[in-house]
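Engineer: Pasting in a structure now, in structure tokens, and then I'll have a few things to ask.
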Amino acid sequence: MRSLAINGVTKSFGQQSVLQGVDLVVPDGSFTAILGASGSGKTTLLRIVAGFERPDRGEVWLGDELVDDAGSRYMPCERRRIGYVPQEGALFPHLSVGRNVGFGLSRHDARRTRVDELLEMVGLGGYRRRYPHQLSGGQQQRVALARALAIEPEVVLLDEPFSSLDAALRASVRSDVLAVLRQAGTTSVLVTHDQDEALSMADQVAVLRDGVVAQLDTPAGLYGHPGDAGVAQFLGEANLIEGEIRDGIATTILGRLPVGSWSGPSGPARVMVRPEQIELGEVGEGIDGIVDSYEYYGHDAIVCVRLERMGVPEPGIPELVVRITGGQPLVPGLRVGLSVRGPVVAWPAGPGGAENSPE
Amino acid sequence: MRRAWLDRHHRPGGHRSIGLTVVAVLVSAVVLVPIVFLVVQAVQVGWAELRHLLFRHLTAVLVWNTVSLVVVVTAICAVIGTLAAWFVERTDVPGRRWFAVLVVIPLGIPDFVVSFGWRAIFPSIGGFWAAVLIMSLAVYPLVFLPVAASLRSADSAQEEVARSLGLGRIRTFWTVTVGQARVAILGGAILVGLVVLAEFGAFEILGYQTLTTEIYNEFQVGFNEPAACALSLILVFLGALLLASEDVVRGRGRTARLGAGAAQAAKRISLGRARPAALAGLALLVVLALGVPVGAIIYLIVHGGHSTLPPASLWIATGNTFAYAAAAGVVATIAALPIALLSVRFARPGVLALERVNMLVLAVPGLVVALSLTYLTEHFLQGRFYLTDPLLVLCYSIMFFPLAIVAVRAAIARAPAGLEEVGRSLGVHRHAVTWRVTVPLVAPGLAAAFALVFLETATELTATLVLHPTNVETLATQFWAYQANLSYSQAAPYALVMVLIAAVPGYVLGRWFDRQPERRAAQANVAPGSVQPALVAA
């Protein structure tokens, strides 16, 4: 297995600049997700790594081998040993499942047994003679994975492989694929716009925004310590409120909240509180609020709460989003008390720095 | 060793399309030769003479004869085709599977053979209404095929919603069912109009004078080139008008389903007591459109009083027809490749415009293409190539080029570029991927494109009469010579061979086009439907 490194890659199509200097290192054997909104250039980046497109500038390294330097060095895609699993699988419609999987194998490679092994690995033993149109979407996706793994690739690239599957199927195919890739131990790169997918599958997540990597971190690091408000909002729900920071404590409308890590100077700041950090209690416990809406999801529920002071809604404060574990429905109009648990994240309040969402 | 894979000149994507574009533009230039030389000829004739030729009583009569026939035949075909399609696809009329086959076969029988068959049985038949009857019977499948395909793929949930909103059965039929099939009906109707405009043989047999028959007579009999040119201008203008009207009538609404979710398979309507009447109607249609011409030919052969052994010239003519048809099929299919490749793989506004320009040929009747090529060889090539095999094959290839483009494009759409990329990422070389993925996926569609042009060429009459080399006879020219002498029983074997060549494989081909997309729609993204709607949608 080899690591993958991308240095300062840029790419434009005509007038449209898609990638503006992407740097990314994917360690040997790790699973990295590239997370970005549609149109953020994540598929283009993947296609450059695979060798289907060439960058305008920058370098692509596979292990210690420079495979593309945007100039004279270019290794054609068929020599890179990069397994590619495209959207919707892209199985060869005229070939049986077995021939699809064996496409990249030479005749000497004991094709038959190897193919059966691979199909067994993705849970499709006995499907060798079927044709792609006889398979469900999830099965097609797993055949595409087996086909990519057949050539014992150094790196596997997955281009939104689960987006065409329905929600129920997605979760199971996702975990199957992850298990197969872990077993094979390949370096994997997944491109997705689904933050749940990125957070749940990857060892590290790169947020791609405006053609650059906005942040690269572990899923927990990214969710707990987003680099700016835009990244925070892109990775799940976030309540953003104004605050004043002094000695590691943010003074906000929700009270005095400890800030997890703060290196900036004292002064005005933008503070993020995750919905699950807010606890609801009886009126009088903490800050007063009034329930505006309640959406029940089974495993948890989302409550929108308006802050009020002396029975009057606080002006200029957006509704707070609170996540609670299921339980009793809360009727709109109910008065509650809010308190914040754990340290919060804050950034210096700068002009324009906050509304920088990746969308 | 390390440098072995370095490839300085290879850049994936993008640049490959430049060479392709150059070839596509050159091909388009050749295809547009007839239109260009029609204009050149008109300029040489001069405005004064053109005006003299255009504004005379004969022109008015011809335009009236032609336009009234186009309007009436188109309307009748739209009604017959739509009703037949609805009965076959959406009701429980008995024997609907058989009718689905029998009702389509007349499309493969050349129009002049239908005309010939009726004339053989009813020698006194002629005039406007005879022309209406025969053309309607010969070309209504052009409406039937796309409408049947559209009704088959339409979502019957929409009809149920209409009923739930309080619309009655008949209003639902009009607003929803006919509404869903609207594009298909109009597309088919426009093709009917174009075919009637271009038809020569059927009207000549019936003694009904249209622009096309008069152009032929001015040119072949009267050697009056300026008159033929002037009338051709009108004919092409009418054709262009029809072609352009397609954009206008199609409107902006979408007829497809919006949104995801599986379409509900159409439910059949129970006809109840109307079943015998529907059965009788379809049976009558099959008898008139298929039974009369085929029956007449077989009767003439059996009771012709001639030797039952086919004449040697029948085999020679069949061989010549096959040779021309095969040559035209190969040339048109190969010539269509660059344009189809561009439009599928590198769709840009310029490319799509190029493709549309080629579709203009649809508005130019085969006779005009032949005349224009004659003019070109006479005035610019000192008569070289005139009445030679290459010029005739070129003429066929130009005439049926739009057909080839549509079929080849459908073929190429079956092998998206993404599949080639995946193949290469699996460590297989570019050329090997082409051979193992692209060729197997594209080949059946290319074969179908070849077959389409082949069948059209094999039954072509008008351009063949103008351009065939003097000593080379084809099935169509031999048939024409015999029937012109009123030697009907001698003409009949040639008609029968043409029917066999065209009708049987034509039907198989139609079903193939119809079924292919359903099987592989998920992978290939080919819209369902038969050749005809695709042709008009282009």
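From first to last, the protein sequence lines are chains A and B. Residue numbers for the first sequence follow this note's numbering, so the first one is 1 and each next one is one higher. Residue numbers for the second sequence follow this note's numbering, so the first one is 1001 and each next one is one higher. Glycine residues also receive a C-beta, built at the ideal position from the N, C-alpha and C atoms.
#1: Give me the chain A residues within the contact set of B:Val-1422, using Cβ-Cβ distance strictly less than 7 Å, ordered along the chain.
#2: Name the chain E residues whose beta carbon is nearer than 7 Å to that of A:His-94?
#3: Does chain B have any CB closer than 8 Å to the CB of A:Gly-138?
#4: Rounded to whole angstroms, what is the Cα-Cα separation between A:His-299 and A:Ile-324?
#5: Using three-state DSSP, classify A:Gly-267 as helix, strand or coil.
#6: Is the distance from the Cβ of A:Ile-241 to the Cβ of A:Val-273 below 8 Å?
#7: Answer yes or no: does any C-beta atom of chain A fall closer than 8 Å to that of B:Leu-1233?
#8: So, B:Ala-1540 versus B:Cys-1395, is the Cβ gap smaller than 8 Å?
#9: Helix or strand or just coil, what does DSSP make of B:Arg-1056?
#10: Quick one: grab the DSSP three-state call for A:Phe-31.
#11: Taking all protein chains shown into account, do 16 or more other C-beta atoms lie within 10 angstroms of the C-beta of B:Asn-1485, making it buried, or fewer, making it exposed?
#12: In chain order, what residues of the same chain lie with their CB nearer than 6 Å to the CB of B:Gly-1259, ignoring the 5 residues before and after it?
#13: Below 8 Å on the Cβ atoms is my contact criterion, and I expect A:Pro-348 with A:Pro-258 to pass it. Report the Cβ-Cβ distance as a whole number of Å.
#14: Using a Cβ-Cβ distance cut-off of 8 Å, determine whether A:Ile-34 contacts chain B.
#15: Let's see if you can read the secondary structure: which residues bound the beta strand (DSSP E) around A:Thr-252?
#16: Kindly indicate which residue of B:Pro-1106, B:Ala-1449, B:Ala-1492 and B:Ile-1185 has the alpha-carbon position closest to the one of B:Leu-1300.
#17: Does the beta carbon of B:Leu-1258 sit closer than 8 Å to a beta carbon anywhere in chain A?
#18: Looking at C-alpha atoms only, which residue of A:Gly-41, A:Gln-15 and A:Leu-19 is the closest neighbour of A:Thr-192?
#19: Do we get a CB-CB distance below 8 Å when we pair B:His-1468 with the residues of chain A?
#20: Among A:Val-205, A:Val-97 and A:Thr-113, which one has its Cα closest to the Cα of A:Gln-141?
#21: Three or more beta-carbon pairs under 8 Å between the segment 206 to 225 of chain A and the segment 77 to 85 of chain A, yes or no?
#22: Suppose you measure from the CA of B:Pro-1141 to the CA of B:Gly-1108; what does that come to, to the nearest Å?
#23: Mind checking if B:His-1429 is an interface residue toward chain A, Cβ cutoff 8 Å exclusive?
#24: Could you compute how far the alpha carbon of A:Gly-260 sits from the alpha carbon of A:Ala-269?
#25: Check whether the segment 1229 to 1242 of chain B touches the segment 1347 to 1364 of chain B, counting contact only when three or more Cβ pairs, one atom from each stretch, lie closer than 8 Å.
#26: Nearest-angstrom Cα distance between A:Gly-333 and A:Arg-341?
#27: In the DSSP output, which residue or residues are listed as bridge partners for A:Trp-347?
#28: With a CB to CB cut of under 6 Å and the five nearest residues on each side skipped, what residues in its chain are close to A:Gln-277?
#29: Throw me the rounded Cβ distance for the B:Ala-1415 and B:Ala-1336 pair, which I believe falls under 8 Å.
#30: Could you pull the start and end residues of the alpha helix (DSSP H) that B:Ala-1415 belongs to?
#31: Are the segment 243 to 253 of chain A and the segment 55 to 67 of chain A touching by the rule of at least three beta carbon pairs closer than 8 Å?
#32: Rounded to a whole number of angstroms, what is the C-alpha to C-alpha distance between B:Arg-1163 and B:Thr-1177?
#33: Within 8 Å (strictly less), CB to CB, does B:Ser-1017 reach chain A?
#34: Closer than 8 Å by C-beta to B:His-1468: which residues in its own chain qualify, once you throw out the five before and the five after it? Chain order, please.
#35: Distance cutoff 8 Å, beta carbons only. Does A:Arg-170 sit that close to anything in chain B?
#36: Could you tell me the distance, in whole angstroms, from the CA atom of A:Ser-38 to the CA atom of A:Ser-172?
Structural biologist: Let me spell this out:
#1: Tyr-84, Pro-86 and Ala-90
#2: Considering every chain present, this structure includes no chain E. Its protein chains are A and B.
#3: Interface flag for A:Gly-138 against chain B is unset, since no Cβ pair is found closer than 8 Å.
#4: 9 Å
#5: strand
#6: Yes, they are a contact pair.
#7: Residue contact with chain A for B:Leu-1233: absent (no Cβ-Cβ distance below 8 Å to any residue of chain A).
#8: Any question about residue 1540 of chain B goes unanswered here, given that chain B covers just 1001 to 1538.
#9: Residue state, collapsed to three classes: coil.
#10: strand
#11: It counts as exposed.
#12: Legend: pLDDT at B:Gly-1259 = 45, less than 50; position of this residue unreliable, no value from coordinates given.
#13: Contact flag wrong, Cβ pair sits at about 17 Å.
#14: no
#15: Per DSSP, A:Thr-252 is one residue of the beta strand (DSSP E) stretching across 249 to 252.
#16: Out of B:Pro-1106, B:Ala-1449, B:Ala-1492 and B:Ile-1185, the CA that lies nearest to the CA of B:Leu-1300 is found in B:Ala-1492.
#17: Caution applies to B:Leu-1258, whose pLDDT of 47 falls short of 50 and renders its modelled position unreliable; the value that the coordinates give is listed next. False, the Cβ-Cβ gap to chain A never drops below 8 Å.
#18: Answer by Cα proximity: A:Gly-41.
#19: no
#20: Answer by Cα proximity: A:Val-97.
#21: no
#22: Rounded to whole angstroms, B:Pro-1141 to B:Gly-1108 spans 9 Å at the Cα level.
#23: Cβ-Cβ to chain A under 8 Å: yes for B:His-1429.
#24: Inter-residue distance for A:Gly-260 and A:Ala-269 is about 14 Å (C-alpha atoms, whole angstroms).
#25: yes
#26: 24 Å
#27: A:Arg-270
#28: Val-340, Arg-341 and Gly-342
#29: Separation of the CB atoms of B:Ala-1415 and B:Ala-1336 is rounded to 16 Å, and the pair is thereby denied contact status at 8 Å.
#30: Counted as a single uninterrupted DSSP element, the stretch harbouring B:Ala-1415 is not any alpha helix (DSSP H), since DSSP gives it neither H nor E.
#31: The segment 243 to 253 of chain A vs the segment 55 to 67 of chain A: no contact.
#32: 12 Å
#33: no
#34: Leu-1387, Leu-1392, Thr-1474 and Thr-1477
#35: no
#36: 24 Å
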